[in-house]
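Protein chains: 4
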Amino acid sequence: MLVIGRKAGENMEFSEKNKGFFINDYSEGAHPEILKRLSETNFQPEEGYGEDVFTKQAKEEIKRLLGKNHHSQVHLVSGGTQANLTTLGIMLKPYESVIAPATAHIAVHETGAIEATGHKINTVPTEDGKITPAQILDVLEEHEDEHMVLPRVIYISNTTEVGSCYTKKELQELRALADEQGLKIYLDGARIGSALMTKSNDLTLEDLAELTDAFYIGGTKNGALLGEAIVLNNRELQENFRFAIKQRGGLMAKGRVLGLQFAALFEGDLFFQLATHANEMADILREGIHSEGYKFLVETESNQLFPILPEPLIEELEKKYVFYRWKKIDNHHTALRLVTSWATEKEKVEAFLRDLKA
Amino acid sequence: MLVIGRKAGENMEFSEKNKGFFINDYSEGAHPEILKRLSETNFQPEEGYGEDVFTKQAKEEIKRLLGKNHHSQVHLVSGGTQANLTTLGIMLKPYESVIAPATAHIAVHETGAIEATGHKINTVPTEDGKITPAQILDVLEEHEDEHMVLPRVIYISNTTEVGSCYTKKELQELRALADEQGLKIYLDGARIGSALMTKSNDLTLEDLAELTDAFYIGGTKNGALLGEAIVLNNRELQENFRFAIKQRGGLMAKGRVLGLQFAALFEGDLFFQLATHANEMADILREGIHSEGYKFLVETESNQLFPILPEPLIEELEKKYVFYRWKKIDNHHTALRLVTSWATEKEKVEAFLRDLKA
Amino acid sequence: MLVIGRKAGENMEFSEKNKGFFINDYSEGAHPEILKRLSETNFQPEEGYGEDVFTKQAKEEIKRLLGKNHHSQVHLVSGGTQANLTTLGIMLKPYESVIAPATAHIAVHETGAIEATGHKINTVPTEDGKITPAQILDVLEEHEDEHMVLPRVIYISNTTEVGSCYTKKELQELRALADEQGLKIYLDGARIGSALMTKSNDLTLEDLAELTDAFYIGGTKNGALLGEAIVLNNRELQENFRFAIKQRGGLMAKGRVLGLQFAALFEGDLFFQLATHANEMADILREGIHSEGYKFLVETESNQLFPILPEPLIEELEKKYVFYRWKKIDNHHTALRLVTSWATEKEKVEAFLRDLKA
Amino acid sequence: MLVIGRKAGENMEFSEKNKGFFINDYSEGAHPEILKRLSETNFQPEEGYGEDVFTKQAKEEIKRLLGKNHHSQVHLVSGGTQANLTTLGIMLKPYESVIAPATAHIAVHETGAIEATGHKINTVPTEDGKITPAQILDVLEEHEDEHMVLPRVIYISNTTEVGSCYTKKELQELRALADEQGLKIYLDGARIGSALMTKSNDLTLEDLAELTDAFYIGGTKNGALLGEAIVLNNRELQENFRFAIKQRGGLMAKGRVLGLQFAALFEGDLFFQLATHANEMADILREGIHSEGYKFLVETESNQLFPILPEPLIEELEKKYVFYRWKKIDNHHTALRLVTSWATEKEKVEAFLRDLKA
């Protein structure tokens, strides 16, 4: 799916700093509680490489939410691509491949990071960013002998790259298929916060620990400066995982920076509060756009919206707001991508809707 | 594209040995001239690793056919996947990718060999196994920044995996696009012999040296015991290429075995004679099947045919002939793949046609 | 070289928090100026992935110090192993190798990260952590043909892993050899701050830009929360380097976190002040230990010291200070590694010396 | 260890063809029995990719010699580097390494093929080409945590690269250590024929199947045109191994060529006869050189000898014989490498000795 208009590499004018930002969920720094803790603990000497007390606490806080999956391991790394390539690199033998929707972040937006670890990605077409058991079965059937890769892992993301979410039932069906076919499931949770806080969500972190072999909890897009928490549920993947993190360049000397942030996010329910705020801001936008009669490219409940708007209106909005033009629909209409975050101000959302109606 | 029916891994009954073989072009050993030379030169001591006199001769014979492209280099390796992964591995920087038709051998039937060298393959849909400049432009346009791989090589095969061939004009158009866009072209010539000997072919080895950055001449499927000759036309690719061959396990200690075979094939026109025979046998089959009113899945002129036949007839033919069921068309029809070779006997072809009409 | 005693993975007792820390230079958080700026700019929305204003400023500040090397590129990544594997991965063709001292971080302490990108490291023995032109010539001479890797990059670190430093003359001699032999030079500057601030140092960042093909400036071990600044001086390495960073998982969504830190360190001379402090603390320790008549395993001027102390004294010191036992010398003596940092308090240093004498 | 004098890449003069060849054991073609069978079976159509009847027979013949190790798997590939990189690539997880003597073929003469699959080789110094349990324990002890690779496989060769051989006791001790430490053993048997036929050898193929996790039986250097037989004894390594062969480019379309050769070598005792002949020729040379009072660089019983001869004599011998100058001993003496093979003629051996005495 082609992002048109502003490219990631283009730079904002200084004047844009005062605009309303709906371009992504990583435009600002961190939630103030995180900065406060960084300052408070700054001179407390700690072991390096994730052996600090904050990381230990963070792991415990997260494990608490995994319920009966006491054996799960938690590891903190600096970014999502890092999490994906390190974990998938361990889940696969050299000739094994990962099945993913065509929109998957690993398939499109990680510059071939998975292939750089030696593995093919078998993509299947998708409209809503999700993959179905039937599609997976098709891939398995096509791969019939040693002249082809051996698909062994199902990659899913929640929310998906187009903002949609899996239901518990969908995930259970994938799990059943995986068990039947000897596959593993890996869930990319860069935006798992938003997914878990959507109105119709019926999944919990405990469910994810139950239903996937591994997943990660995204911090960067939900209030942290950086950091993702990899959760390994399948015991096979756990042994020596820190070796894999180190080898791929993901073992931070000051692991305390990661630990402290996840401790802050999961000590109470800050992580969920932040995601809830992002979703609420998206809900207001969604409802407002909908009530003006506009359609959406994909129906979502999460912090990403894809409204289809007429060109002249888009041009007006661009004067005051920053967002991606996602996909050209016809000569007069384009689907935008609007993203809200923990830092999105309600006034900006309301102003956007006013300008939409104007 | 799914091969149904007999899988590569299934074994033939002993009784099948007397059947007519249309299953592939590597069922027999080598052309007798090759075996003769192996015997004649057997006790002549030679340098190892491709420094023998036979290899030197083979390289000269092939370079003679490249016309004015005197600077091209020739290297002999043991197999096609070896040729592909070694050459493409040198053509690409770590974050660069290769664009290929969805049916490409490297994309489907090499167990992720290219990804194992670290590179993504960007596939485009194809009916006839070929790729067009417009499709390549689409891929380039979609790849807009550093979050995605950088497509840098166009992979084509001639004949393609479904038996079709490129015309000189098509190849020139790809070259023009490649030059304009800073891409390289790699041609997989596992069946280049058959391609060059089809009736409407207007390409020569000299053209290939001119229009591609690298290609290989397939020996295994045209009368050799084993061996493919890589031709490097782009000077950038030539430096230290033997290091790449050695690293990937393709530098045979007794390189003489490869050299002697290619010397035999290219000293005169044996290579082209063998391909011509294969094509002629295919032509007879094609014409015979056509005259019975059957259609083909793809129109080809090369040594691969894909006739669509009714089930009861297929079952009858299977009693006396060995071939792949390629693709189920409907409940009553299946497209077969029939392959002829340098070793295909005319009597078997004629018998097949008789049985088709029976 | 074997680190005995406390392993990185062992955890400190809570009581140790009040001890004097000489175990490494990444035990604390960041310099307060960095935390201050993080807070001040927290809600200023910025482009992601290193396109923010802070990163732009950081790059300019660093380039200013590179003098006439205006063409050099600066890129910020999260850690040292990340910097090494990304840059070396771009500097080498598949069959090329890197020559390094046997103590090199990439050779010993990065869990095979360079090999994981496909490249061999040719190590040479070293006492002081440095490599000489003569040793490099030996390696080149041994590598005579395509059955062996082709050494193409010289890896050095400054300070080295044992705290020693290169002089300008030594670096010029390596450069001369590299130019003569067609090699590139990569300098790992995890502790370049300390190296440049030693008393007898005669190198500048401008010299490094002149004398190396690429190097990195370490932030993590000199006052940053995380972050290293890769400087690419050789134009060949510059094209599309951001693709390489992204592919290896080093392109942070909130690149602002890296940018802001390096802007803070290099806007004025904070980076050099912090390194100077670390070195001064080390000088006091060194002088105090020396004046007690103890020897050192390696003579250093940087923030790492390797005093050889008697066992009973070490056991006493361990009650109040945290440090590595680096190498057993004999049954009664062990060489310690003491490391100072920007955060080392003078009182702790003085207390250590008092306890040493007691 | 540096090979001086003739490099592999240098070419022999035509006049050299009449010289006595002691330069290696792959200068000639194949044993005539192999060529005979190639001719006899040439037109018998067979399945491709190692599913032919000859390969099936070859596997059975080899398995017969593995005694009670009925579960071992046999796979045929085209060359030694291919065998090594394919098998070791399967034996190791991404962050795991292989321990090998410094002279190991994989460490020195495979152009970084193992590193190209992502794995570090930990080398230990050796005089005789062998590795001891004590050396392995040292490597394990040095590798203490996740900042370093995890050594998991012991690589040995038999004969070694300098012609020495392991005894059964030595191999049993390595096995005991491996079992104790959770390591696997891989044996490179490029010259296993010569090793098993030395006078003091007490090992059998059955022992190798018992004492190693995997090994390969070299055909190329013992009378085949090409081909090595990988034997997988550890069940963990067996699943899907053909995928690995295909991915690395080692699955020959005309696998019959490999199958037929190993069937010929192992149907009776041809393999052992050929190795015995090579060893006998070496014995005559060794005894003759010894009786003239010359010393050897390494004491060997196999088909490789390393006599230390005076310069003027070497120059005389070079006029009539082809061999490597292996290592300069002093200004007046050099150690040669003389290699005999299945094809070495006794007259040439006797002539060499006469010329030595002249």
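Respectively, the protein sequence lines represent chains H, L, B and X.
One rule links them: number in our numbering = place in the first sequence (from 1) + 5.
One rule links them: number in our numbering = place in the second sequence (from 1) + 5.
One rule links them: number in our numbering = place in the third sequence (from 1) + 5.
One rule links them: number in our numbering = place in the fourth sequence (from 1) + 5.
Ideal placement from N, C-alpha and C gives every residue a C-beta, glycine not left out.
This structure is a prediction, so every number in the text was calculated from the model and none was measured.
- As for any alpha helix (DSSP H) of minimum length 4 sitting wholly inside the stretch 69 to 96 of chain H, the runs are 85 to 96, ordered along the chain.
- The C-alpha of B:Ile159 lies about 12 angstroms from the C-alpha of B:Ala181.
- Looking at L:Lys61, L:Gln62, L:Tyr100, L:Val82, the one whose alpha-carbon comes closest to that of B:Ala249 is L:Tyr100.
- At a cut-off of 7 angstroms between C-beta atoms, L:Asn308 does not count as an interface residue with respect to chain X.
- L:His337 sits in coil when the DSSP states are folded into three classes, being neither helix nor strand.
- DSSP links X:Ala105 through a beta bridge to X:Thr128.
- Minimum Cα-Cα distance from B:Pro50 among the listed residues B:Arg240, B:Asn163, B:Leu70, B:Arg261 corresponds to B:Arg261.
- Residues are counted here when their Cβ sits less than 8 angstroms from a Cβ of chain H; for the stretch 33 to 49 of chain B these are Glu33, Gly34, Ala35, Pro37, Leu40, Leu43, Ser44, Thr46, Asn47, Phe48, Gln49, given in chain order.
- Beta-bridge partners assigned by DSSP to X:Val236: X:Val79, X:Phe220.
- When C-beta distances to chain X are compared with 8 angstroms, the residues of the stretch 229 to 257 of chain H below that value are Asn245, Arg247, Phe248, Ala249, Ile250, Lys251, Gln252, Leu256, in chain order.
- Taking C-alpha positions only, X:Tyr329 is separated from L:Gly55 by approximately 18 angstroms.
- Counting C-beta atoms within 10 angstroms of its own C-beta, H:Glu52 has 16 or more neighbours from the protein chains shown and is therefore classed as buried.
- Fewer than three Cβ pairs drawn from the stretch 103 to 110 of chain B and the stretch 253 to 267 of chain L lie within less than 8 angstroms of each other, which leaves the two stretches out of contact.
- Boundaries of the alpha helix (DSSP H) around B:Ile319: 316 to 323.
- For the set X:His114, X:Phe267, X:Thr345, the Cα lying nearest the Cα of X:Thr305 is the one of X:Thr345.
- Closer than 7 angstroms at the C-beta level to chain B, one finds no residue of the stretch 185 to 217 of chain L.
- Interface flag for H:Glu355 against chain X is unset, since no Cβ pair is found closer than 7 angstroms.
- Nearest CB-CB separation between X:Thr116 and chain B: below the 7 angstroms threshold.
- By the C-beta density criterion, B:Ser199 is buried, having at least 16 other C-beta atoms within 10 angstroms.
- H:Leu97 is positioned such that its CB atom lies no closer than 7 angstroms to that of H:His114.
- Neighbours of X:Gly84 across chain L, judged by C-beta separation under 9 angstroms: Ser83, Gly254, Gly255, Leu256, Met257, Ala258.
- In this structure H:Leu237 touches H:Ser77 by the C-beta definition: roughly 6 angstroms separates them, less than 8 angstroms.
- Of all residues in the stretch 130 to 161 of chain L, the ones placed with a Cβ closer than 8 angstroms to any Cβ belonging to chain B are Glu151, His152, Val154, Leu155, in chain order.
- Excluding the 5 residues flanking it on each side, B:Tyr299 has same chain C-beta neighbours closer than 7 angstroms at Pro312, Ile313, Leu314, in chain order.
- Rounded to the nearest whole angstrom, the C-alpha separation of H:Gly273 and B:Leu192 is 44 angstroms.
- At a cut-off of 7 angstroms between C-beta atoms, X:Gly123 counts as an interface residue with respect to chain B.
- The bridge partners DSSP lists for X:Pro156 are X:Ser102.
- Proximity to X:Ala214 across X:Lys24, X:Asn74, X:Phe277 peaks at X:Asn74, based on C-alpha coordinates.
- Within chain H, the residues placing a beta-carbon under 8 angstroms from that of B:Arg261 are Gly34, ordered along the chain.
- The Cβ neighbour count for X:Thr172, taken over all protein chains shown within 10 Å, is under 16; the residue is labelled exposed.
- The alpha carbon of H:His338 has as its nearest neighbour, out of H:Ala348, H:Asp184, H:Val327, H:Glu320, the alpha carbon of H:Glu320.
- Taking the beta carbon of L:Glu120 as reference, the chain H residues within 7 angstroms of it are Glu120, Gly123, His124, Lys125, listed in sequence order.
- Judged by DSSP in its simplified three-state form, B:Gln243 adopts coil rather than helix or strand.
- In terms of Cα proximity to H:Glu185, the closest of H:Arg196, H:Leu142, H:Val354 is H:Leu142.
- Take the alpha-carbon of X:Tyr31 and the one of L:Phe48: they are about 11 angstroms apart.
- For a cut-off of 8 angstroms, the C-beta gap from H:Phe220 to H:His80 is around 12 angstroms, too long to register as a contact.
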